[in-house]
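Structure first, then comments.
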Amino acid sequence: MRVVLVPHLLALGLYGLATALALAPFAGLRPAPRALTLGLPLAGAAAQVVGVAQLTPVGVAPVLSILALFLALLQVVSERVFRAPAVAMFTGPLATGLVALALLLGLGPGDAPSAGGNAWFILHVTLSVLGLALLALAFITAALYLLQFRELKSKRFGAVFRLFPPLERLDRLNHVSLVAGFPTLTLGVLLAVGYAVRYAGGMHVDPAQVVWGSFTWVVLGSAVWVRVVRRWAGRRAAFASIAGFAAVLLVYLAFKLAAPGTQRFL
Amino acid sequence: MSIAVVGVNHRTAPLEVRERFAHAPRDVATSLERLRSAGAGGGVLLSTCNRTEFYIAEPAEAVPEAVWAILTERLGDGREASAYGYLQRDREAVRHLYRVSAGLDSMILGESQIQGQVREAWELSKAQAGPVLHRLFQTALSVGARVRSETALGTGAASAPSAAVALAGKIFGLLAGRTALILGAGDIAELAASCLASEGVRVTLVANRTYERAQAIAEQLGGAALTLDEAWDHFASADIVLSSTAAPHAVVTWERVAPAIGRRRGRPLCILDLAVPRDVEPAVGQLENVFLYDIDDLQAVAAHAAAERHREIPAAERIVSDEVERFWAWYGGLAVVPVLKEFRRQLDQVRAAELERVLKRLAHLSPQDRAEVEQFSHALLNKFLHPPTIALKQAVQAGHGYGLLESLKKLFGLERQHGE
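In order, the protein sequences belong to chains A and B.
First residue of the first sequence: -9, per the numbering used here; consecutive thereafter.
First residue of the second sequence: 18, per the numbering used here; consecutive thereafter.
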């Protein structure tokens, strides 16, 4: 247990510290050096990789932990590649909270998948969670876009104006994360179907899950479609991203409320 | 040894005076040569639109007067240049240059242009600067860089043109490659368009009531000319519209531009209305993805940034003070060796004279005893000199040796002889 807990506790501390640094400028403090804002989440992610490597990716807690790991990595990419450090204001607390929640739920070994399908299963979990993390990033950048848009439209030149990235950069990051997140998640779900058929003796899924899962996929797909095919950009595209991720989140929460338990993620 | 700065700046002299004092690069060497003839050990001239300052190494008594004479000649109307200026010496002169380089003494606090001007002044005066000013200007540039990297003194847009660039930057990110449509062909439009062009914005169209004037500006900025009535359709494609016509009422109305803006597919449009009275109807700013800013908005952004910069002054002043002490420690170290040498030489002369006198009275001593007495005189002198030498060197290392050095020179009359 210690090989799982200690890296997670370390990651929790480092993510917490990175979050404090990300929020500091909004409290009127000087922005932290870039080496720290990039280094802390990277160090946290490195620690977490050690812990996650010991886990069987089954159940809510391990999946939350992996989601936190991807969010931390996407935070670094957003800052390094897109020069959007304000993303950390959301991804930081989210990653910290998810690791804390995973620790509270208990990070122990779960039901291991069948030996033959292990790689398939791990790929399914990795792609699905990466897809979710990318969609979460699309949601975050859309929210940042709308906040900066409101600030610029209403001519308020406060902390949001100064500290948030330019609109077009946020729009670009939103576009990339949404367009990458949707097929990644879709592939993850298809791998789950393949795994169930090939290794788990067929699909054992509630029809409600199929209906609501399809609904979510259509909402997300629509958000991608208007961006890519209809070439939506800016505020309308931001609302579409928010609707897509909100659909995923609400449907998941509804399923968990209908069938509580932490042994299975879905 | 000492350093001085003599000159005028935007606080002490009005523009009408400052522009007469401004030196073209070709005049710098002549003025500095005059100072060297007056007894300066070295000189650097910093001449910008906001200041004309002579930095002088080892200024003899006549040198400040020579500076005022040069500047008074430039006034040429019987007024004395010294009435507009200042003279600062030693630490205060060093502090002054460091503050200038950091942007603390600029008209727009924290502006970065001054650092390039300090560098140019140094490069232009290199031949006449001498080693002390060479070091002073090198360190001034690094102080400026340190203040800008360790404080937020240079952040934000603290002037209206830079606020316009900052606002457009908050919408588009990088401005390079963006296109601008200019409405109006007056001086303000031309100035603001140049400001955007310097950020890489392509001024593709210039529209004006009179086509000929639009054509003149468009040629300068590399764009095409239009009449105002032809401009409205281009609201569909331009990224930035900069408006500064002399019209007495709004020329950019909702009816004229809404159809074109509707074809933008959600792409943002930044409209900068620099005209008074305003050129753009406020209703245009209500259109989706249109960001409309007038001159008051630009000034609000600038005022906000200026307030932010003012909060950074104490941190910047601390860096300047640290660096002044560091320079002064180096400078004191530079001065201590020749002074100590002179001090020792002078006391050794006294020792030798007294020894000769006493040995004359002690003629009965054997050569061996005479050598002993001489040895004793050397040892005594060394014993006396050791504590002040060590104390002086330690004070120099700690950065406050210059005052002690000056005292030593005065107490033992070294200044005159050292100078000689």
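Ideal Cβ placement from N, Cα and C applies to all residues, glycine included.
Everything numeric in this text was worked out from a predicted model, so none of it was measured.
Scanning its chain for C-beta atoms nearer than 7 Å, with the 5 sequence neighbours on each side dropped, one finds around L28(A) the residues V66, E69 and R70, in chain order. Neighbours of A197(B) across chain A, judged by C-beta separation under 9 Å, do not exist; the nearest C-beta is about 16 Å away. Here I234(B) is actually not in contact with V218(B); their C-beta atoms are around 15 Å apart, not less than 8 Å. One finds I188, F189, G190 and P285 in chain B with Cβ atoms closer than 8 Å to the Cβ of E158(A), taken in chain order. Neighbours of F151(A) in chain B, taken as residues whose beta carbon is under 7 Å from its own, are K187 in chain order. Its chain contains A98 and S99 as the residues whose beta carbon lies nearer than 6 Å to that of W85(B), once the 5 sequence neighbours on both sides are disregarded; these appear in chain order. A Cβ-Cβ distance of about 6 Å is found for the pair G120(B) and L170(B), placing them in contact under the 8 Å criterion. Contact annotation: R273(B) and A253(B) have beta-carbon atoms that are not nearer than 9 Å. From the listed residues F393(B), G239(B) and R362(B), the smallest Cα separation to L372(B) is found for F393(B). For V307(B), the closest C-alpha among the options A209(B), A319(B), I330(B) and A277(B) is that of A277(B). At least one CB atom of chain A sits nearer than 9 Å to the CB of R282(B). Of all residues in the region 122 to 143 of chain A, only Q138, F139, E141, L142 and K143 place a beta-carbon less than 9 Å from a beta-carbon of chain B. In summary, F401(B) is exposed, with fewer than 16 beta-carbon neighbours lying within 10 Å of its beta-carbon over all protein chains present. In this structure, S231(A) places its C-beta atom within 9 Å of the C-beta atom of F129(A). Distance from the CA of K426(B) to the CA of A370(B), rounded to the nearest whole angstrom, comes to 22 Å. By the criterion of a C-beta distance shorter than 7 Å, E247(B) is surrounded in its chain by A224, once the five residues flanking it on both sides are discounted. Of all residues in the region 180 to 196 of chain A, none comes within less than 9 Å of chain B when Cβ atoms are compared. When secondary structure is reduced to three states using DSSP, V293(B) falls in the coil class, being assigned neither helix nor strand. Below the 8 Å Cβ cutoff, chain A contributes R20 as neighbours of A169(B), in chain order. Within the same chain, no Cβ atom closer than 7 Å to the Cβ of S211(B) is found once the five residues on either side in sequence are excluded. In the DSSP secondary-structure assignment, Q134(B) is not bridged to any residue. Among the CB atoms of chain B, one or more fall inside 9 Å of the CB of A223(A). R24(A) is classed as exposed because its beta carbon has fewer than 16 other beta carbons within 10 Å across all chains shown.
Cβ neighbours of V341(B) within its own chain (closer than 8 Å, five residues either side excluded): R108, V111, R112 and Y115.
Runs of alpha helix (DSSP H) with 4 or more residues, each lying fully within the region 49 to 122 of chain B, are found at 79 to 92 and 107 to 119, listed in chain order. Within the region 314 to 338 of chain B, the residues whose Cβ lies closer than 7 Å to some Cβ of chain A are D314, A317, V318 and H321, listed in chain order. Neighbours of F308(B) in chain A, taken as residues at a C-beta separation under 7 Å, are given in chain order as L142 and K143.
Across the set L398(B), A323(B) and A264(B), the C-alpha of L398(B) shows the shortest separation from the C-alpha of R362(B). In this structure, DSSP gives T47(B) a helical state, which the three-state scheme calls helix. Exclusion of the five residues before and after S19(B) leaves E75, P76, R106 and D107 as the residues of its chain whose Cβ lies within less than 7 Å of its Cβ. Annotated as distal: A8(A) and G41(A), with beta-carbon spacing of 9 Å or more. Around the beta-carbon of G121(A), 16 or more other beta-carbon atoms lie within 10 Å, marking it buried.
Excluding the 5 residues flanking it on each side, T29(B) has same chain C-beta neighbours closer than 8 Å at Y101, G102 and Y103, in chain order. With its beta carbon at least 9 Å from every one in chain A, L245(B) lies outside the interface. Chain-ordered, the chain B residues with CB closer than 8 Å to the CB of R226(A) read G283. Within the model, the alpha-carbon separation for Q138(A) versus F344(B) is close to 45 Å.
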